[in-house]
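> Numbering follows the working numbering, with no gaps: position 237 of the sequence shown is 238.
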Amino acid sequence: YIQIDVPAYKDLSYKSFEVEDEYRGDWDQFNLWDCTANNDEDCFRAYSMASFPLEDDIIMLNIRIASPPPGTSYPPGICSSYTFNLKPGDKITISGPYGEFFAQETDREMCFIGGGAGMAPMRSHIYDQLKRIGTDRKITFWYGGRSKRELFYMEEFHELEKQFPNFKMYVALSDPLPEDNWDGLTGFIHQVCLDEYLNKHEDPTEIEYYLCGPPIMLKCVNDMAYDLGVEPEMIRADDFGI
2 YIQIDVPAYK DLSYKSFEVE DEYRGDWDQF NLWDCTANND EDCFRAYSMA
52 SFPLEDDIIM LNIRIASPPP GTSYPPGICS SYTFNLKPGD KITISGPYGE
102 FFAQETDREM CFIGGGAGMA PMRSHIYDQL KRIGTDRKIT FWYGGRSKRE
152 LFYMEEFHEL EKQFPNFKMY VALSDPLPED NWDGLTGFIH QVCLDEYLNK
202 HEDPTEIEYY LCGPPIMLKC VNDMAYDLGV EPEMIRADDF GI
């Protein structure tokens, strides 16, 4: 991950954000335009990188804007508000990389399980394995969202599936919208992975598991792995809930 330095700022208005047309209805509905963020002192926040080493001219991040829950007086997120207010050409200060979320150098099968902004290190690791290392390890990626609007990088991963026969991605929605017309997998991603794959696998204890997502997702996956008899050293996680 990298750390973004966030300078002190005052009265940063959400009205200055560039929001794509497809999301403006939600912003109108929840009156997000009236949100104002403040940061009393310099600080920093950590974010996992979605880019991988061959993309050496960019740093790609997946940042979810931490807007206040409707009907509450909670302040907006300090760093997400700061980054969403940035415009092309603005300069920021970052440091890193840091962290210990590394892929093990083995020939074992890899199972990536992610949700939400936990996509970032999943993309980085999978791209690194396939495009830089050129691994022939079997890799499956299980990604969960609530509705289709929360899915991203889908075309990129579909292209990877075409290029690399050892890679397969599975997507499940836990709460698809009527307009999604979703005929794919449904449910929480850990349960879908268990039902559709691990329960049918000849030996799920010999798979390496790489996780990133909301804290409740990580807990559910770890509980699932424990029930399957997977040893702790076979599980690695990037826990952005901490």
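Quick reminder that beta carbons are idealized off the backbone N, C-alpha and C, glycines included.
Classify Asn86 as helix, strand or coil using the three-state DSSP reduction.
coil
> Just verifying my parser: in three-state terms, what is the DSSP assignment at Ala104?
coil
> Taking Cβ to Cβ, would you say Leu174 is nearer than 8 Å to Thr187?
Here Leu174 is near Thr187, since their CB atoms are less than 8 Å apart.
> Please look up how many angstroms separate the CB atoms of Glu197 and Tyr171, rounded, as I've assumed it's under 8 Å.
7 Å
> Hey, how far is the Cα of Lys132 from the Cα of Glu162?
12 Å
> Counting Cβ pairs, one atom from each stretch, are 3 or more of them under 8 Å apart for the region 10-21 and the region 105-113?
no
> Output the boundary residues of the beta strand (DSSP E) element that contains Cys44.
44-48
> Using three-state DSSP, classify Asn247 as helix, strand or coil.
Residue 247 lies beyond the stretch modelled for the chain, which goes from 2 to 243, so this question has no answer here.
> List the whole-angstrom C-beta distance separating Phe153 from Met120, where the pair is believed to meet the contact cut-off of C-beta under 8 Å.
7 Å
> Give me the Cα-Cα distance between Asp29 and Glu157, rounded to the nearest whole angstrom.
31 Å
> Given that a residue counts as buried once 16 or more other Cβ atoms are within 10 Å of its Cβ, and exposed if not, what is Thr141?
buried
> Measure the alpha-carbon distance for Lys88 versus Trp34 and round it to whole angstroms.
18 Å
> What residue from Met50, Phe102, Gln164, Arg150 has the CA that sits closest to Ile59's CA?
Met50
> In angstroms, rounded to a whole number, what distance separates the CA positions of Ile243 and Cys80?
Unreliable placement is indicated for Ile243, whose pLDDT of 46 sits below 50; no coordinate value is reported for it.
> With Ile95 and Gln4 assumed to form a contact (beta carbons below 8 Å), what rounded beta-carbon distance in angstroms separates them?
Contact flag correct, Cβ pair sits at about 6 Å.
> Based on DSSP bridge pairs, tell me the residues matched to Ser14.
Thr37
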